[in-house]
Structures are given as structure tokens and as C-alpha cells.
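A short write-up of the structure that comes next.
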Amino acid sequence: MKLRQDLHKYPYNQDPVYKTYDHNFALNILKHPDEIQMFEELMGSHDEVLTEFVKVCCSQCDCKFFSPQVIVNPYGYGTEGAMVLDQHHSCHHCGASSNIEESIFKLLGRVKEYLMEDTLDYVG
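In terms of our numbering, the sequence shown opens at residue 8 and continues consecutively.
Right, here's the structure in full:
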């Protein structure tokens, strides 16, 4: 756990060990060759890898579940300029392709709204 203990020493986007960890974690999530190729191309211009869970609905059995979605961000902080990979989500029960029911942009928007309101003006 030395990696986690040393995180406070570096800004998030300047820690090469942590970036490698995120890069490898994202590659484990991506299963299709086109997803991996797109990810590798975007890593040339984006320095941060994020994963968020999105709500997904199966196109055959109507099963609803959460699936990890890979996001790449060109800036070290915030979500401006973030790109969501065109990723295949498959159902865990029947294996059919699934559609994102609640998109990542809505989820990120909610987080951004919360962070904008959570300033020192509102504390105390």
C-alpha cells in the first residue's frame, strides 16, 4: 500500500506510478480491440484516466446494472474537456449488448454542480 500512502506527495497528474495504475486498470476494463486502439490514441493527448460507473440496461432481458466506463481527461483536475470512450457494455446475465440508460455526462454534471455549491461561502 506504499502507492496509496505516497499520493499526497504528488499532484494527481504528475505521479507516474499512479497514472500507470489507472492506465492498466482501464486496459483491464476494455475488451474489444477498437476500444483499446481508441484508448491508446487518446492517451497521446490526455494525461488522466478516470473510471465511472454508468447505469446500463440490457437490450434483451431488460436487466439493469452498473458498468465501468472509461473517461480520459486532458487536464489534471476537473471535467472540462473529458472524453468518454465509445465502449461496449454487455449484460452479465445473457451477454447481449446493453445501452447506457443514464449517461456519464449527467453523472459528471451532478458531481460538478455539487462541487460548485460546496464552497467556503456555504460552510458554517
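C-beta atoms are modelled at their ideal positions from N, C-alpha and C, and glycine is treated no differently. Computed from a predicted model, the values in this text were never measured in an experiment.
Task: Through-space distance from leucine 34 to glutamine 44, alpha-carbon basis - done: 10 Å
Integer Cβ distance of cysteine 65 from alanine 103, believed to fall under 8 Å = With a Cβ gap of about 6 Å, cysteine 65 and alanine 103 count as contacting.
- Query: Of the choices Val61, Val79, Gln67, Asn80, whose alpha-carbon is the least far from that of phenylalanine 73?
  - Reply: Val61
task = Please report the Cβ distance between histidine 99 and asparagine 80, rounded to the nearest whole angstrom; I am assuming they are in contact, meaning their Cβ atoms lie under 8 Å.
result = The Cβ separation is near 28 Å, so there is no contact.
Review point. According to the Cβ coordinates, are isoleucine 107 and histidine 96 closer than 8 Å?
Key: yes
Could you tell me the alpha carbon to alpha carbon distance between cysteine 68 and glutamate 42, rounded to whole angstroms? 25 Å
request  = Can you have a look at phenylalanine 32 and say buried or exposed, based on whether 16 or more other CB atoms are within 10 angstroms of its CB?
outcome  = exposed
- For glutamine 76, the three-state DSSP class (helix, strand or coil): strand
| task | On a CA-only basis, which of Lys71, Gly51, Asp93 is nearest proline 40? Give me that one, please. | result | Looking only at Lys71, Gly51, Asp93, the smallest Cα-Cα distance to proline 40 is reached by Asp93.
Item to check | Per-residue DSSP class, three states only, for histidine 30 | outcome: helix
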